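Report on the following structure.
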Amino acid sequence: MAYDNNEKKMESIYSKRIRAGKRRTYFFDVRATRGNDYYLTITESRKRFNDNGYDRHKIFLYKEDFNKFIKALTEAVDHVKTQLMPDFDFDAFNHDDVEGMEGEIDEVAAEVEIPNTDTAPSASSSSSTEEVDKW
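Under full-length UniProt numbering, residues 1 to 135 are what the sequence shown spells out, in order.
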């Protein structure tokens with residue numbers, strides 16, 4: 001565990017980041033209690049418009065509420081998709097946020113051979129494709 005100013009900081013055991021637009025990022029972090037129990041923190045981080053830092057909002061979700069939370073979230077999302085916006089193409093947003101990540105992509109591209117996407121993949125480029133999929 002990390003210590004900062006003699007205060008115990010809880011480290012993430014697992015973390016997943018989701019970029020949502022240019023100014024928002026969501027973090028899903030699994031953390032452990034002192035008694036080796038686990039809970040989830042969900043953090044929304046929004047860049048301030050004046051580029052002076054971030055606003056963060058955090059939810060703590062404990063194991064006894066996981067199933068209720070997932071059920072309620074699924075029901076709410078399904079209601080929007082089926083009742084309120086049935087004609088909207090939600091699948092159009094099933095892609096990674098590439099905009100704003102040019103520096104990260106350039107760093108990875110320097111280390112991994114990226115196959116040419118203008119042509120169909122050949123058998124020789126399958127290992128390169130697998131490398132890219134590991135990102």
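No residue lacks a Cβ here, since even glycine has one placed at the ideal position from N, Cα and C. Every value quoted in this text rests on a predicted model; they were computed, and no experiment measured them.
Roughly how many angstroms lie between the CA atoms of residue i and residue j, to the nearest whole one?
| i | j | result |
| --- | --- | --- |
| R19 | G35 | 32 Å |
| V108 | D51 | Because V108 sits at a pLDDT of 36, beneath the cut-off of 50, its placement in the model cannot be relied upon, and the following sentence gives the value as read from the coordinates. If you take the alpha carbons of V108 and D51, they lie about 27 Å apart. |
| E11 | N94 | 30 Å |
| E7 | A32 | Residue placement at E7 is poorly supported in this model, since its pLDDT is 39, which falls under 50; the coordinates still yield a value, given next. The straight-line gap from Cα to Cα measures roughly 16 Å. |
| I59 | Y14 | 16 Å |
| L40 | D29 | 6 Å |
| M101 | D89 | In this predicted model, M101 has a pLDDT of only 46, less than 50, meaning its place in the structure is not dependable enough to derive any value. |
| F66 | E44 | 18 Å |
| R48 | D87 | 33 Å |
| R24 | R17 | 11 Å |
| M85 | K68 | 24 Å |
| K81 | D91 | 11 Å |
| D4 | I70 | Note on D4: pLDDT 44, under 50, position unreliable in the model; no value is reported. |
| K63 | R46 | 27 Å |
| Y26 | L61 | 15 Å |
Go to residue i, then tell me how far its beta strand (DSSP E) extends in each direction, as first and last residue.
| i | result |
| --- | --- |
| V80 | Note, V80: premise wrong, no beta strand (DSSP E); not H, not E. |
| F93 | Premise fails: F93 is in no beta strand (DSSP E) and is neither H nor E. |
Residue i bridges to which residues according to DSSP?
| i | result |
| --- | --- |
| L61 | L40 |
| T25 | R19 and S45 |
| R34 | DSSP lists no partner for R34. |
| D55 | R46 |
How about residue i: is its C-beta nearer than 7 Å to some C-beta of chain B?
| i | result |
| --- | --- |
| F27 | Given the protein chain composition of this structure (a single chain), no chain B is represented. |
Are the region 72-92 and the region 44-64 touching, with three or more C-beta to C-beta distances below 8 Å? Output reads no: the region 44-64 does not touch the region 72-92.
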